[in-house]
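Here the structure is laid out as structure tokens; the discussion comes afterwards.
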Amino acid sequence: MPSFSASGAWLRHYHPRLSAVLSPLGASLSFEQYRGASVDLLGNGNKQTDPSAMQVGLNYTPVPLVTVKSLAQLDNVGETQDKVELAMTYRLGVPLLKQISPYYVEQANHCAVAAMTALNVINVPVLEFRESKTLQVFLATPSWSLNPGETLPLVLEIKAANKITAVNWQGDTQAVSLTPPANINDPQGWTLTVPAWDETPGASNHYQLSVTLEDEKQQKATSNWITLQVTAPLSLSIEGEPGLRRANPAATGHPGGYRPLHPEGN
Numbered sequence: 102m103p104s105f106s107a108s109g110a111w112l113r114h115y116h117p118r119l120s121a122v123l124s125p126l127g128a129s130l131s132f133e134q135y136r137g138a139s140v141d142l143l144g145n146g147n148k149q150t151d152p153s154a155m156q157v158g159l160n161y162t163p164v165p166l167v168t169v170k171s172l173a174q175l176d177n178v179g180e181t182q183d184k185v186e187l188a189m190t191y192r193l194g195v196p197l198l199k200q201i202s203p204y205y206v207e208q209a210n211h212c213a214v215a216a217m218t219a220l221n222v223i224n225v226p227v228l229e230f231r232e233s234k235t236l237q238v239f240l241a242t243p244s245w246s247l248n249p250g251e252t253l254p255l256v257l258e259i260k261a262a263n264k265i266t267a268v269n270w271q272g273d274t275q276a277v278s279l280t281p282p283a284n285i286n287d288p289q290g291w292t293l294t295v296p297a298w299d300e301t302p303g304a305s306n307h308y309q310l311s312v313t314l315e316d317e318k319q320q321k322a323t324s325n326w327i328t329l330q331v332t333a334p335l336s337l338s339i340e341g342e343p344g345l346r347r348a349n350p351a352a353t354g355h356p357g358g359y360r361p362l363h364p365e366g367n
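Right, here's the structure in full:
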């Protein structure tokens, strides 16, 4: 049975089969077509999209109880797989003597004579399922008030059935000085530094981040986007408001030319 990664796609398996029996020998020819992403058809770790394979089988049944099967499979990219199987089939209600006698092989195979039987063709879906996703991530939003130069931890809420093997960030990662933990593949322990206030006209002073995780089964999950808004610095003087008044530095003797509206002693 092939294996599938949790890609979220519907997977369908079509398995037409031709079989013939010339007692005690049997032969089969089948074609398998799978629909879906990341399908490991031969079970060797090579995952493909919409793969197909041709399988040829030869059966030998010396007695009704025992069948030896030899199978050769070739997929659409040229990879092969050979298998040998031993099957034991015990039929309830049938005397053991008949099940170990070669004279009853034809009867067990429903052959009236030692000749080629009619071909049996099956062309129906025999497998259809959707594998549930086992990796989810949510990126928590930091405080609304972010002061320039402040260092903040990035908190991830993760639901994972397998080990996380890769962490990739998207967005303004350089602007916020994203800092990894000791192990860059660890989703926990990441921090950022709030950038300085940008006084350039038209600057938004907000930054966005998102993270994508990958586990050992090659499943990927991307978090929500968060927006970081830098708090504007407090101004020493706001035009039209009481407090400090701009003046000539030489006349006031105060750095920057600010002097109190109500000097001490007045």
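Every position in the sequence shown, counted from 1, becomes a number in the working numbering once 101 is added. A virtual CB, placed ideally from N, CA and C, is assigned to each residue, including glycine. Please read all numbers here as calculations on a predicted model, not as lab measurements.
Residue environment analysis places TYR161 among the exposed positions, since fewer than 16 neighbouring C-beta atoms fall within 10 angstroms of its C-beta.
In the three-state DSSP reduction, GLU133 falls in the strand class (E or B). Taking all protein chains in view, the Cβ of SER324 is crowded by 16 or more other Cβ atoms within 10 Å, so the residue is classified as buried.
DSSP places LEU159 in the uninterrupted beta strand (DSSP E) bounded by 153-164. At a Cβ-Cβ threshold of 9 Å, LEU255 and LYS321 do not count as neighbours. The continuous beta strand (DSSP E) containing LEU314 extends over residues 307-316. DSSP, read as helix, strand or coil, puts VAL206 in helix. Rounded to the nearest angstrom, the gap between the Cα atoms of ASN263 and PRO125 is 48 Å. Of the other Cβ atoms in all chains shown, fewer than 16 fall within 10 Å of the Cβ of ILE201; this residue is therefore exposed. In the DSSP assignment, ILE285 forms no beta bridge with any residue.
Note on GLU133: 16 or more other CB atoms within 10 angstroms of its CB, so buried under the neighbour-count rule. Under the DSSP assignment, LYS199 falls outside any beta strand (DSSP E), being part of the alpha helix (DSSP H) whose first and last residues are 197-200. By the beta-carbon neighbour count (other beta carbons within 10 angstroms, threshold 16), TRP326 is exposed. DSSP, reduced to helix, strand and coil, places GLN320 outside both helices and strands of the structure shown, so it counts as coil. DSSP places GLN237 inside the beta strand (DSSP E), whose first and last residues are 236-240. The residues VAL256 and GLU258, in chain order, have a CB closer than 7 Å to that of ALA241 in the same chain once the five nearest residues on each side in sequence are set aside. Counted as a single uninterrupted DSSP element, the stretch harbouring GLY179 is not any beta strand (DSSP E), since DSSP gives it neither H nor E.
In this structure ILE285 is exposed. Its beta-carbon is surrounded by fewer than 16 other beta-carbon atoms within 10 angstroms.
Rounded to whole angstroms, ALA138 and PRO152 show a C-alpha spacing of 9 Å. For THR252, the CB contacts under 6 Å within the same chain, skipping 5 residues up- and downstream, are THR292 and THR294 in chain order.
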